[in-house]
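> Just so you know, we're using this note's numbering here: the sequence shown kicks off at 81 and counts up by one.
All C-beta atoms, glycine included, are put in the ideal place defined by N, C-alpha and C.
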Amino acid sequence: MARAAALAAKAEVSVDSETRLWQLVQQLGRQEETIDARQLLEQLALRPPQVFVRHEEGNAMVPQSDVGAAARFALREWDRRNAGRAALRHARSGDQQLLDNYFAGGATTRAGIIDAVRAMPAKYLPVFSHEVEARLGDDDGALAAEFAHALADSNLYVKVLAQSRSDVAISALNRLTKTLDAPAALAVLKTALQRPEIASAAAFAIGRLRPQLAAADELMWRLLADRTLGATAAAILAREANRHTLARLEAIAGQTDNWWLQQRARLALQLAGNSRDKR
Numbered sequence: 081m082a083r084a085a086a087l088a089a090k091a092e093v094s095v096d097s098e099t100r101l102w103q104l105v106q107q108l109g110r111q112e113e114t115i116d117a118r119q120l121l122e123q124l125a126l127r128p129p130q131v132f133v134r135h136e137e138g139n140a141m142v143p144q145s146d147v148g149a150a151a152r153f154a155l156r157e158w159d160r161r162n163a164g165r166a167a168l169r170h171a172r173s174g175d176q177q178l179l180d181n182y183f184a185g186g187a188t189t190r191a192g193i194i195d196a197v198r199a200m201p202a203k204y205l206p207v208f209s210h211e212v213e214a215r216l217g218d219d220d221g222a223l224a225a226e227f228a229h230a231l232a233d234s235n236l237y238v239k240v241l242a243q244s245r246s247d248v249a250i251s252a253l254n255r256l257t258k259t260l261d262a263p264a265a266l267a268v269l270k271t272a273l274q275r276p277e278i279a280s281a282a283a284f285a286i287g288r289l290r291p292q293l294a295a296a297d298e299l300m301w302r303l304l305a306d307r308t309l310g311a312t313a314a315a316i317l318a319r320e321a322n323r324h325t326l327a328r329l330e331a332i333a334g335q336t337d338n339w340w341l342q343q344r345a346r347l348a349l350q351l352a353g354n355s356r357d358k359r
């Protein structure tokens, strides 16, 4: 830390000195926090770029290295680590302060707490799960998703998929097929088909269950006739089409009583043919 402080205090800067200071700040951020180190990084966090070079693809001058940005990043990492450690302490004692800190905290605090939840033994979590479920609407759903993963909680998964932010929900449905057994995963994913912004992603997750679960395979065939998800089902059936699948698609494509289903079957056959041509 002394070398970083000395370089920061220099009146004159150069490419070499600024690069070295930037490296030292990064190293400092990977070490355990101390009072003196935090004070130094808080000072450096306000430091504007000192050395500029011409961008290789234009005439603009850009920072050669940004010590201030490196210091701000290091401080965030310390704060994230501290939040995670506090969360682990609270979890061990069953202290609801864990949730209070999460819902009152900013992005860095929340990230640290989620890191801790992801890493801690699942035995610490049930005491908090009811409150996490009750407060699902108070955030983007990321904490509830982590609880659902850790506890393999189908009911909580259903609520996460229904109420969380769409990107969080999509991430959750992609993970739940590895957390729950296939029948339980399918039951949860069926509920996600009712939410338009994640329905296609849910269909693809169901598609991944087809090799191990006949019910998932049959559901995909029913979705082929769906006005909204039919094209998605066609793509899923085409992606790993075997002779049995192709024969069934050809039979559907040849029928005339359901025009919509017929067109989706033809689309699947076309996609399957394109896929084979690329192999």
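1. What do you reckon, are the CB atoms on ARG344 and LEU299 nearer than 7 Å?
2. Identify which residue in ALA242, ALA214 and LEU289 has its Cα closest to the Cα of ALA272.
3. Residues in its own chain within less than 7 Å of MET200 by CB, not counting five upstream and five downstream?
4. Identify, in the order they occur along the chain, each residue of the same chain with its Cβ nearer than 7 Å to the Cβ of ARG290, setting aside the five sequence neighbours on each side.
5. Per DSSP, PHE132 forms a beta bridge with which residues?
6. How would you label GLU98, buried or exposed, when you count the other beta carbons within 10 angstroms and need 16 or more for buried?
7. Run through DSSP, which three-state label would GLY174 get?
8. Quick one: any contact between the segment 193–212 and the segment 227–244, if contact means 3 or more CB pairs under 8 Å?
9. Going by the CB atoms, is the gap between GLY192 and GLU157 shorter than 7 Å?
10. Can you name, in chain order, every residue of its own chain whose Cβ lies under 8 Å from the Cβ of TRP421, other than the five neighbours on each side?
11. Can you find the residues in the same chain that come closer than 7 Å, C-beta to C-beta, to ASP247, ignoring five residues on each side of it along the sequence?
12. Excluding sequence positions up to five away, which residues of its chain have a Cβ less than 8 Å from the Cβ of ALA314?
13. Using the C-alpha atoms, what's the distance from ALA249 back to VAL238?
14. My understanding is that VAL131 touches VAL95, with C-beta atoms under 8 Å, so please give their C-beta distance in whole angstroms.
15. Going by Cα to Cα distance, which pick from SER280, LEU260 and GLY221 is closest to ASP233?
16. Can you tell which of ASP180, VAL93 and ALA333 has the C-alpha that lies nearest to the C-alpha of ARG54?
17. Measure the alpha-carbon distance for ARG161 versus GLU113 and round it to whole angstroms.
18. So for LEU309, helix, strand or coil by DSSP?
19. In whole angstroms, give me the CA-to-CA distance for ALA327 and LEU317.
20. If you count every other CB in all the chains shown that lies within 10 Å of the CB of ALA265, and 16 or more means buried, which is it?
21. Rounded to a whole number of angstroms, what is the C-alpha to C-alpha distance between ALA84 and GLY186?
22. By how many angstroms is the C-alpha of ASP220 removed from the C-alpha of GLN342?
Checking against the coordinates, here is how it stands:
1. no
2. ALA242
3. LEU168 and ALA171
4. ALA296, ASP297 and MET300
5. PRO143.
6. Its Cβ being crowded by 16 or more others within 10 Å, GLU98 is buried.
7. coil
8. yes
9. no
10. As displayed, the chain neither begins before 81 nor continues past 359, which places residue 421 out of reach and without an answer.
11. none
12. The answer, listed in chain order, is LEU304, ARG344, ALA345, LEU347, ALA348 and LEU351.
13. 10 Å
14. 5 Å
15. Of the candidates SER280, LEU260 and GLY221, LEU260 places its Cα closest to the Cα of ASP233.
16. The question about residue 54 has no answer here: the residues shown for the chain are numbered 81 through 359.
17. 10 Å
18. coil
19. 12 Å
20. Classification for ALA265: buried.
21. 29 Å
22. 40 Å
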